[in-house]
Amino acid sequence: MNIQPFTLERYFAQYEFNAPYLLCTSDCESLTVGELLALEPGAAEGLQQCWLGYTESQGSPELRTEIAGLYHQIDLDDILVHAGAEEAIFNFMNAVLDPGDHVIVHSPCYQSLYEVARAAGCQLTRWATAEAEDWTLDLAWLEQHIQPNTKVIVVNCPHNPTGYLMSHDTQQQL
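Numbering (this note's numbering), first residue to last: 3 to 176.
Take a look at the structure:
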């Protein structure tokens, strides 16, 4: 597999920590450990009791139990915890896609959402949205571009980088 360099990450690697003003990353606000622990009573004591070591390959059973509790029809065994988006995108696309499959990707988007599929030998169609239309998804366009070999439609919502949030009605139509 030949994945192209992640252009945005290369840009950040060059400028993120030496630019006088940083207005372009998607990082969360930086906090000290003390500031983070102050947000929840008892968190410091909980952290002191936290075991640090390897866990099950699907992720910590305690974390998976908490995640399963957020949903009505998902069991603990249906959950696979990843260290970040990159790992999850890579695993999903390599498990589901085959060379020659067609993938439609909501765009603009995180480069991995199309690059991993491209590297796996898939055909890509970018589902472009525009600021002039408030980044709204055009479901009629989507319907016209689905092919017999379309296996995955990647939708990023809430959308990064635009902030677009699909309405419940649009979700149901999709």
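Note that CB positions come from ideal geometry on N, CA and C, so glycine has one too. Since we're looking at a predicted model, the values are computed, not measured.
Who are the Cβ neighbours of residue i in its own chain at under 6 Å, not counting the five residues just before and after it?
| i | result |
| --- | --- |
| Leu141 | Gln175 |
| His84 | Ala90 |
| Gln6 | Glu117 |
Can you name, in chain order, every residue of its own chain whose Cβ lies under 8 Å from the Cβ of residue i, other than the five neighbours on each side?
| i | result |
| --- | --- |
| Asn151 | Gly102, Asp103, His104 and Gln125 |
| Asn93 | Leu82 and His84 |
| Thr164 | Pro110, Thr131, Glu133 and Trp137 |
Cβ of residue i within 8 Å of Cβ of residue j?
| i | j | result |
| --- | --- | --- |
| Glu18 | Leu24 | yes |
| Ser114 | Ala130 | no |
| Gln60 | Ile76 | no |
| Tyr112 | Ala87 | yes |
| Met95 | Leu139 | no |
| Lys153 | Val107 | no |
Where does residue i sit, in a helix, a strand or coil, going by DSSP?
| i | result |
| --- | --- |
| Gln174 | helix |
| Gly36 | helix |
| Tyr23 | coil |
| Thr63 | The amino acid occupying residue 63 in the given sequence is Pro; Thr does not appear at that position. Three-state DSSP puts Pro63 in a helix. |
| Leu49 | helix |
| Leu10 | helix |
| Ile5 | coil |
| Tyr56 | coil |
| Tyr17 | helix |
| Glu31 | coil |
| Glu42 | coil |
Could you name the residues of the same chain whose beta carbon sits closer than 7 Å to that of residue i, not counting the 5 residues immediately before and after it, in chain order?
| i | result |
| --- | --- |
| Asn4 | Ala121 |
Just checking residue i against the ligand NAD - is the residue's beta carbon closer than 7 Å to any of the ligand's heavy atoms?
| i | result |
| --- | --- |
| Val35 | As far as ligands go, the structure on display features none, and thus does not contain the ligand NAD. |
Contiguous beta strand (DSSP E) assignments of at least 3 residues, all confined to the stretch 71–158: 104–109, 125–130 and 152–156
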